[in-house]
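Chemist: Going by full-length UniProt numbering, the residue at position 250 of the sequence shown is 250; the numbering climbs one at a time, nothing skipped.
Where a beta carbon is used, it is the ideal one built from N, C-alpha and C, also for glycine.
Since the model is a prediction, treat every value here as computed from it, not as a measurement.
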Amino acid sequence: MLTIGILGVGELTEKVVMGLRRGGFAGRVLLSPRNHERAQQLSRQCTCEVMADNQQVVDETDLLLLGVRPEVVEQLSNEIHLKPQQTLVSLVAGLKHSELQRCFPQARPVRAMLSYAAQINQSTVVITPGGEPHETLLGTLGSLTVLDDEAAFELATVAACMNGWFYFFLSDLQQWFTDKGLSKEQAAQLVMGNMQDCLASARHQPQASLEALGSAIATPGTFTAVGLEVLRSNGATLAWREALEEVLNRLHKAS
């Protein structure tokens with residue numbers, strides 16, 4: 001049975017381990033020891049093993065998940081020696097295949113992008129390139145998209161940033177309703193419920209464009225159309241595009 005190792009126990013890798021266990025993965029999960037308290041907690045929660053050092057994680061695993069901060073990758077690469085063609089799945093945003101190959105020349109590098117929803121097996125999961133065993137393993141964490149083009153993967157990275165932005169956007173909407181007198185619970189139910197309604201309707205009608213679905217609601221003279229005009233006239237939609245462009249430009253500069 002496959003054994004996986006975690007190099008860097010943090011928020012995201014923690015959620016990945018939770019999702020793997022929730023999805024039925026029964027193999028050994030070996031954790032790096034540096035974030036000791038968090039590693040110990042995850043070990044108890046998800047039946048993992050905390051190793052003595054990072055090299056022991058490498059030596060005893062078939063597949064490695066890299067979840068350290070970008071500035072730590074170089075240092076880590078000098079401390080460990082991977083097995084020939086050992087699968088190394090990088091969750092480090094912006095770290096390209098060429099850099100992974102330079103730092104870990106023995107590795108079979110894979111890039112992956114997913115969200116915290118991995119813990120409940122409902123994340124959008126993007127990988128490049130495809131292959132086994134990582135494709136089947138990570139596919140249990142949600143909806144899997146395999147990309148062969150690294151430029152396309154960078155766009156997926158931008159999309160992953162939207163995941164974080166949405167929380168702040170929804171929080172602002174929730175706050176408006178609470179300022180008007182609703183409880184936080186009522187406001188959250190309205191905001192998230194309407195977001196879920198939108199997604200459910202769009203997924204039910206995949207042949208229709210998102211713009212067409214919106215236009216069917218925001219017909220002339222409706223309250224929806226009035227509000228949409230205010231949003232557009234104040235640059236709300238333009239601001240989102242500018243944020244997307246800024247992230248993509250920074251990813252290109254990082255390369």
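(1) With a Cβ-Cβ cutoff of 8 Å, do Leu66 and Thr87 count as a contact?
(2) Among the residues of its own chain, which have a CB less than 6 Å from the CB of Leu228, if the five just before and after it don't count?
(3) Among Ala156, Arg108, Ala159, Leu199, which one has its Cα closest to the Cα of His134?
(4) Do the CB positions of Gly8 and Asn121 come within less than 8 Å of each other?
(5) Nearest to Gly10 by CA position, among Leu31, Thr3, Ala26, is which residue?
(6) Shortest alpha-carbon distance to Asp59 belongs to which of Tyr116, Glu37, Val29?
(7) Quick one, are the C-beta atoms of Thr3 and Thr47 less than 8 Å apart?
(8) Following the continuous alpha helix (DSSP H) through Val92, name the residue where it begins and the one where it ends.
(9) Please give me, in chain order, every unbroken run of the alpha helix (DSSP H) with length at least 4 that falls completely inside the segment 50 to 113.
(10) Relative to the C-alpha of Ala239, which residue among His204, Ala188, Ala254, Met162 is closest?
(11) For the segment 100 to 118 against the segment 128 to 145, do three or more pairs of beta-carbon atoms, one drawn from each stretch, fall closer than 8 Å, so that the two count as touching?
(12) Please classify Met1 as buried or exposed, where buried requires at least 16 neighbouring CB atoms within 10 angstroms.
(13) Taking buried to mean at least 16 other C-beta atoms within 10 Å of its own C-beta, is Glu79 buried or exposed?
(14) Per DSSP, Val29 is paired with what?
(15) Under 7 Å Cβ to Cβ from Ser98, same chain only, skipping five residues before and after it: list those, please.
(16) So what's Ser209 in DSSP terms, helix, strand or just coil?
(17) Comparing alpha-carbon positions, which option in Gln186, Arg102, Gly142 lies nearest Val16?
(18) Would you identify the three-state DSSP class for Leu144, choosing helix, strand or coil?
(19) Name, in chain order, the residues that DSSP records as bridge partners for Thr124.
(20) Using the three-state DSSP reduction, which class does Lys253 fall into: helix, strand or coil?
(21) Between Arg44 and Pro33, what straight-line distance do the alpha-carbon atoms span, to the nearest angstrom?
(22) Just verifying my parser: in three-state terms, what is the DSSP assignment at Asp179?
(23) In the segment 147 to 202, which residue ranges form an unbroken alpha helix (DSSP H) of at least 4 residues, counting only runs that do not cross its ends?
(24) Would you kindly work out how many angstroms separate the C-alpha atoms of Gln55 and Leu82, rounded to a whole number?
(25) Report yes if the C-beta distance between Lys184 and Gln174 is below 8 Å; otherwise report no.
(26) Which two residues bound the contiguous alpha helix (DSSP H) that contains Arg38?
(27) Measuring CB to CB, does Tyr116 end up less than 8 Å from Leu231?
Modeler: Answer, in terms of the structure:
(1) Counting from 1 along the sequence shown, the entry for residue 66 is found at position 66. Counting from 1 along the sequence shown, the entry for residue 87 is found at position 87. Going by C-beta atoms, Leu66 is not nearer than 8 Å to Thr87.
(2) As a first step, residue 228 is located in the sequence shown; it is residue number 228 there, counting from the start. Here the set comprises Ala218.
(3) Along the sequence shown, read from residue 1 onward, the residue named residue 134 stands at position 134. Comparing Cα-Cα distances from His134 to each of Ala156, Arg108, Ala159, Leu199, the minimum goes to Arg108.
(4) What you label residue 8 is simply residue 8 of the sequence shown in a count that begins at 1. What you label residue 121 is simply residue 121 of the sequence shown in a count that begins at 1. Result no, Cβ atoms of Gly8 and Asn121 do not sit closer than 8 Å.
(5) Position 10 of the sequence shown holds residue 10. Selected option, being the one with the closest Cα: Leu31.
(6) Within the sequence shown, the letter at position 59 stands for residue 59. Cα-wise, what sits closest to Asp59 is Val29.
(7) One-based indexing of the sequence shown puts residue 3 at position 3. One-based indexing of the sequence shown puts residue 47 at position 47. Their beta carbons are not under 8 Å apart, which means Thr3 does not touch Thr47 by this criterion.
(8) Here residue 92 corresponds to residue number 92 of the sequence shown, with the count starting at 1. Unbroken run through Val92: none, as it is neither H nor E.
(9) 54 to 59, 73 to 79, 97 to 103
(10) By one-based count along the sequence shown, residue 239 stands at place 239. Closest option to Ala239, Cα to Cα, is Met162.
(11) yes
(12) The count along the sequence shown starts at 1 and reaches residue 1 at position 1. So Met1 counts as exposed.
(13) Within the sequence shown, numbered from 1, the residue matching residue 79 stands at position 79. With fewer than 16 Cβ atoms within 10 Å of its Cβ, Glu79 is classed as exposed.
(14) In the sequence shown, counting from the first residue as 1, residue 29 sits at position 29. DSSP output for Val29 lists Ile4 as bridge partner(s).
(15) Taking the sequence shown and counting its residues from 1, the one referred to as residue 98 is at position 98. For Ser98, where only same-chain residues beyond five positions count, there are no Cβ hits under 7 Å.
(16) Position 209 of the sequence shown, counting from 1, holds the residue named residue 209. Reduced to three states, the DSSP call for Ser209 is coil.
(17) Reading the sequence shown from its first residue, position 16 is the one you call residue 16. If we check each option's Cα against that of Val16, Gly142 comes out closest.
(18) Indexing the sequence shown from 1 puts residue 144 at position 144. Here Leu144 sits in strand by DSSP.
(19) Translated into the one-based positions of the sequence shown, residue 124 becomes position 124. Partner(s): Ser143.
(20) Within the sequence shown, the letter at position 253 stands for residue 253. The answer is helix: DSSP assigns Lys253 an H, G or I state.
(21) In the sequence shown, counting from the first residue as 1, residue 44 sits at position 44. In the sequence shown, counting from the first residue as 1, residue 33 sits at position 33. When rounded, the distance between both Cα atoms is 14 Å.
(22) As a first step, residue 179 is located in the sequence shown; it is residue number 179 there, counting from the start. Of the three classes helix, strand and coil, the one that applies to Asp179 here is helix, per DSSP.
(23) 150 to 179
(24) Your numbering for residue 55 matches position 55 in the sequence shown. Your numbering for residue 82 matches position 82 in the sequence shown. When rounded, the distance between both Cα atoms is 8 Å.
(25) On the sequence shown, residue 184 is found 184 positions in, with the first residue counted as 1. On the sequence shown, residue 174 is found 174 positions in, with the first residue counted as 1. Yes, the pair counts as a contact, with Cβ atoms nearer than the cut-off.
(26) Counting from 1 along the sequence shown, the entry for residue 38 is found at position 38. 36 to 46 is the span of the alpha helix (DSSP H), which, as asked, contains Arg38.
(27) By 1-based counting over the sequence shown, the position of residue 116 is 116. By 1-based counting over the sequence shown, the position of residue 231 is 231. Result no, Cβ atoms of Tyr116 and Leu231 do not sit closer than 8 Å.
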